[in-house]
Amino acid sequence: MSNADVVLDLKGLLCPIPVVKVSQAIKSLPVGGVIEATATDPGVLADIPAWTRTTGHELISIERQEKLINFKVRKVK
Amino acid sequence: MGKSDNTELTKKARELLRKQVDRKLAAALETCVRCGICAESCHYYVADPRPEHVPAYRAEKLRQIYRGLFDPIGRIAPGWVGAVPVSDQMLDSLVETSFASCTMCRRCTVNCPMGVDNALVVRAIRSLLTATGRAPEMLEQLAEAAIMREEGLEYIKDLFLEQIAELENELREKVGDLKARIPVEEQGAEILYVALSGAHTILPASVLFYATGTSWSLSLFEAANYGVFLGDTPRAKRITQRIVDEATRLGVKEVVVSECGHAYTTLRWEAPNWFGKPFPFRVRSLVEVMAEWIEKGKLKLDPTRNRLAVTYHDSCNLARNSGLIEEPRTILNACVTDFREMTPNKQHNYCCGGGAGLVALPEFSEQRLNAGKPKVKQIKATGASIVAASCDNCRHQLGELNEHYEMGVEVIGLAELVVNALVLDKGRVPGKEPVVAATV
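These protein sequence lines map, in sequence, to chains A and B. In short: position in the first sequence from 1, add 1438, done, that's our numbering. In short: position in the second sequence from 1, add 129, done, that's our numbering.
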């Protein structure tokens, strides 16, 4: 059971669209809210960490399970 | 808005425009004769014929500012020359005009009897809006993330290499050779290949580099340059600098840019001007390289492996702005059996509606999908099942148009079509043969 506030299915989306979707979704969250997402484009492995560092949000985790990449981001500000 | 604020804004706009107005932009601002021919050239106007969708109308917005700031009469008696004072309200109204109602495709320019470069004008407007904090947030974030990718390279590199290791396994599986590699930071490689973030721009190219025995190295950085979309030359230069430094460090002879329209145009045509000197390496698009491989017989292709009817969407940046018109056709005629041209095509092709960063701006998706109507009509008229595109922005947009307008086509890149038709040595076909050994 996920404890995330928003769960995003980004499977099949090519970069940079996963970043765009996460950026959109995080706007609706309160500070401290968590997004959990699953993507298939391996580009997110570099794009999401770069994006969280840029925007100041916290990348809680990012890991690959075979073809799927799961990551969690917490809204910081 | 108080008067003092407007004074400050006017001062800032004057400083910004003074830096922007070179001979090219001055010509674009001074030579429009308001004939209106550009209207029918614009995919926005064709999709929705409103005055706001006429390129000359959009450009006039900057001319109004320009006259007020730089025309001697405009500074004294603005009304006489149609000058309009800079205000927050005015700049706010230009956000949609420049970021959502023009893809800087230059179809209007090639049809303009005076050759007015409206794309240059729109970029100057974007520049003004970015400098005054009005640019779409997503473009800002993506540009900053690209810079962060270098500044935080130690942190991001491991994750990037993890991605590449996974793709390398896929490459080995596809070509049936456990020694096949996706080299990164390969000192002495002849080519630095600059892909986009997605695997779809790395894996097919890797198969082709493998098949042709090319000496290459994959760039640590992605080709996309959101600084260009922002009209922010210093940031665009900063993003380009990463690639220039990497290519110089590795000593490559050539930088090959993935199938990406703006990335190629930027690196090939614009960036050397920012740096003030030619690069110590050649710049080509993967499209040019693939065409050359085919012409020189370096790729054995079986077009019957792509039997469905294929049409080709000319990227505005590659075809109209860079002259890569015959290269894609050389590729398609060699790797598919039924290639059908769109009408109009080549340098007169309609923009898909997704260029200039629009596919990354969800707040303007309605305008973007509407502007894609002429493209949808073109595609449907060909009766093709597959739409090939050699630009990632186009691919994103065509994919969304396909879904939104229920076209029932498949959108694919040129390299993927080539790989699909590729016959490796001894008649092997990528992905169709078992991996030779099961070690590792």
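By construction, the Cβ of each residue, glycine as well, lies at the ideal position given by its N, Cα and C atoms.
Closer than 8 Å to chain B by CB, residue i
i: A/I1464; result: no
i: A/I1455; result: yes
i: A/G1470; result: no
i: A/R1512; result: no
i: A/L1467; result: no
Contacts of residue i in chain A (Cβ-Cβ under 7 Å)
i: B/M277; result: A1488, R1491 and T1492
i: B/F199; result: Within chain A, no residue comes near B/F199; the closest Cβ sits about 36 Å away, beyond 7 Å.
i: B/Y284; result: P1487
i: B/S335; result: Ordered by position in chain A, no residue passes the 7 Å Cβ test against B/S335, which lies about 13 Å from the chain.
i: B/E273; result: T1492
Span separating the alpha-carbon of residue i from that of residue j
i: B/E315; j: B/S346; result: 5 Å
i: B/R434; j: B/T440; result: 16 Å
i: B/F228; j: B/A248; result: 11 Å
i: B/Y322; j: A/S1440; result: 40 Å
i: B/A274; j: A/V1457; result: 10 Å
i: B/P178; j: A/R1512; result: 44 Å
i: B/L453; j: B/E137; result: 45 Å
i: B/T226; j: B/T394; result: 23 Å
i: A/L1497; j: A/A1484; result: 12 Å
i: B/H182; j: B/E399; result: 27 Å
i: B/T362; j: B/L551; result: 40 Å
i: A/T1492; j: B/S170; result: 39 Å
i: B/Q292; j: B/P180; result: 48 Å
i: B/D443; j: B/L198; result: 39 Å
i: A/D1479; j: B/C164; result: 47 Å
i: B/A324; j: B/G203; result: 47 Å
i: B/A489; j: B/V224; result: 15 Å
i: B/V373; j: B/L349; result: 12 Å
i: B/S514; j: B/R469; result: 10 Å
i: B/K427; j: B/T261; result: 51 Å
i: B/K132; j: B/P214; result: For B/K132, the predicted model reports a pLDDT of 43, less than 50, meaning its position is unreliable and no value from the coordinates is stated.
i: B/V558; j: B/I311; result: 19 Å
i: B/F493; j: B/P265; result: 10 Å
i: B/E529; j: B/G244; result: 32 Å
i: B/E283; j: B/T369; result: 19 Å
Minimum Cβ-Cβ distance from residue i to chain A less than 8 Å
i: B/G356; result: no
i: B/Q370; result: no
i: B/Q270; result: yes
i: B/H329; result: yes
i: B/G281; result: yes
Neighbour-count burial assignment, residue i, 16 or more Cβ in a 10 Å radius
i: B/Q218; result: exposed
i: B/P409; result: exposed
i: B/F404; result: exposed
i: B/A176; result: buried
i: B/T377; result: exposed
i: B/L527; result: buried
i: B/T472; result: exposed
i: B/W209; result: exposed
i: B/D287; result: exposed
i: A/V1514; result: exposed
i: A/S1516; result: With chain A running from 1439 to 1515 in the structure shown, residue 1516 of chain A is simply not present.
i: A/E1504; result: exposed
i: B/P201; result: exposed
i: A/S1499; result: exposed
Check whether residue i and residue j have beta carbons under 8 Å apart
i: B/K190; j: B/I254; result: yes
i: B/L290; j: B/L359; result: no
i: A/L1448; j: A/T1476; result: yes
i: B/L257; j: B/L220; result: yes
i: B/Y339; j: B/V304; result: yes
i: B/R187; j: B/S216; result: no
i: B/G482; j: B/T232; result: yes
i: B/E545; j: B/P333; result: yes
i: B/R411; j: B/K382; result: yes
i: B/Q476; j: B/V239; result: yes
i: B/S344; j: B/E319; result: yes
i: B/A352; j: B/A309; result: no
i: B/A517; j: B/L461; result: yes
Contacts of residue i in chain A (Cβ-Cβ under 8 Å)
i: B/E295; result: P1480 and R1502
i: B/F289; result: L1483 and A1484
i: B/H525; result: L1452 and I1455
i: B/L325; result: C1453 and G1481
i: B/Q292; result: P1480, G1481, L1483 and A1484
Proximal chain B residues relative to residue i, where beta-carbon distance stays under 7 Å
i: A/S1461; result: M267 and Q270
i: A/V1458; result: M267, A489 and P491
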